[in-house]
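The letter at position 32 of the sequence shown is residue 34 when you use this note's numbering, and the numbering goes up by one with no holes.
Single-structure report; data block below.
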Amino acid sequence: MQNTYAAASLTALLLLGGTACGGADEVLGNAANAAGCAAARQAVAPVKDSVRSAVEDLGVDTSGAQRELKALKATIDTAAGTVTGEVQQSLKKISGDLGTLIDQARASARGGVDQAAVDRAQADLGSAVDDVANVC
Numbered sequence: 003m004q005n006t007y008a009a010a011s012l013t014a015l016l017l018l019g020g021t022a023c024g025g026a027d028e029v030l031g032n033a034a035n036a037a038g039c040a041a042a043r044q045a046v047a048p049v050k051d052s053v054r055s056a057v058e059d060l061g062v063d064t065s066g067a068q069r070e071l072k073a074l075k076a077t078i079d080t081a082a083g084t085v086t087g088e089v090q091q092s093l094k095k096i097s098g099d100l101g102t103l104i105d106q107a108r109a110s111a112r113g114g115v116d117q118a119a120v121d122r123a124q125a126d127l128g129s130a131v132d133d134v135a136n137v138c
């Protein structure tokens, strides 16, 4: 009889603990978000420096700048597919800014760059990278 009370008490405690700490869906969701944030942080870590380098190369090595920017965009797009919400929106913003910079690298190859668009994309991209770091 004492074992029955102990088992019932333990079951009640576990049920209350599970309710207070969140259900299995919440726990799994938190784990997925943590993994997604880790992937997002890893994806954006080199972005600012790599973009700065690629922009510096626009007038010198336009094909190299395009390759570097396209590789960064592919990495960001992949990471955006692993997360949701605010982090995903920030990654999509980074991807869009990288797209603008890729367009400007193409324009540079043809002899013309919209420097204002490059500056704006770099500033917006920097803010979006900071947003990912702050959210995660």
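A virtual CB, placed ideally from N, CA and C, is assigned to each residue, including glycine.
task = Would you identify the three-state DSSP class for Glu28, choosing helix, strand or coil?
result = Residue confidence for Glu28 is low, a pLDDT of 48 falling below 50, so the modelled location carries little weight; the figure read from the coordinates is stated next. Helix at Glu28.
request  = Report the residue ranges of all alpha helix (DSSP H) runs contained in full by the stretch 30-118; include only those spanning at least 4 residues, in chain order.
outcome  = 49-58, 64-82 and 87-111
query = With Ile96 and Val46 assumed to form a contact (beta carbons below 8 Å), what rounded beta-carbon distance in angstroms separates them?
reply = 7 Å
request  = For Lys94, I'd like the list of residues in its chain whose CB is within less than 7 Å of its CB, leaving aside the five on either flank, ordered along the chain.
outcome  = Ala82
Neighbourhood of Ser52 by C-beta, 7 Å cutoff - its chain only, sequence neighbours within 5 removed = Glu70 and Leu74
query = My guess is that Val131 and Val49 are in contact by the Cβ rule of under 8 Å, so how many angstroms apart are they, rounded?
reply = 5 Å
query = Taking the alpha-carbon positions, what's the Ser110 to Ala119 distance?
reply = 12 Å
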